[in-house]
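Trainee: Take this structure first; my questions come after.
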Amino acid sequence: MRIAIINGPNLNLIGQREQKIYGSQSLTAFIEQLQSNYPEQEITAYQSNVEGELINAIQQAAKESEALIINAGGYSHTSVAIADALRFAHPKPIVEVHISNIFSREEYRHHSFVSAVSTAVICGCGLQGYALAIEFLLKKV
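Residue -16 is where the sequence shown starts when you use our numbering, and the numbers rise one by one after that.
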């Protein structure tokens, strides 16, 4: 299966920022570990701090992948444009992942535009949420 993982703003700093919330392992190292743990799957990863670049990546993933895992970071709570890209450009299974439990954080994080267009949502499981998303997709697709 071809699975695209798309990560939004500030996720390039995982392992460096707020380690009590996000842990000490870098997202890049964890993605490499996922690719190693799932050699039968073609897992690609993309990260950007720019909303329009994320939309472009979603549209590209719609053409090239069978499923999508997205952690839109702070854009989850603000971006109708990313939700629209997911809704209209990616009709395949979508799993929204949040490393932290967004419901135990600030109230503005409790709503996600991305959740409304996702097949499933995983939050609060740390980086392991990405592996849980892959397992879900392997059973779903």
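Each residue gets a CB set at the ideal place from its N, CA and C atoms; glycine is no exception. Just so it is clear, the structure is predicted and the values come from calculations on it, not from any experiment.
1. How would you write the range of the beta strand (DSSP E) that alanine 72 sits in, first residue to last?
2. Beta-carbon within less than 7 Å of isoleucine -11's beta-carbon, same chain only, minus the 5 sequence neighbours each way: which residues are those?
3. Pick helix, strand or coil for isoleucine -14, following the three-state DSSP scheme.
4. With three or more beta-carbon pairs closer than 8 Å as the criterion, would you say the region 14 to 26 touches the region 79 to 88?
5. What distance in whole Å lies between the Cβ atoms of serine 98 and glutamate 79, which are believed to be in contact at a cut-off of 8 Å?
Mentor: Walking through what the data contain:
1. One-based indexing of the sequence shown puts residue 72 at position 89. No beta strand (DSSP E) contains alanine 72, which is instead part of the alpha helix (DSSP H) from 63 to 72.
2. Your numbering for residue -11 matches position 6 in the sequence shown. Correct list, in chain order: Tyr29, Leu37, Ala40, Ile41, Ala44, Leu51, Ile53.
3. Here residue -14 corresponds to residue number 3 of the sequence shown, with the count starting at 1. Strand at isoleucine -14.
4. Verdict: no, contact absent.
5. Walking along the sequence shown from the start, residue 79 turns up at place 96. Walking along the sequence shown from the start, residue 98 turns up at place 115. Indeed they touch by this definition, with Cβ atoms about 6 Å apart.
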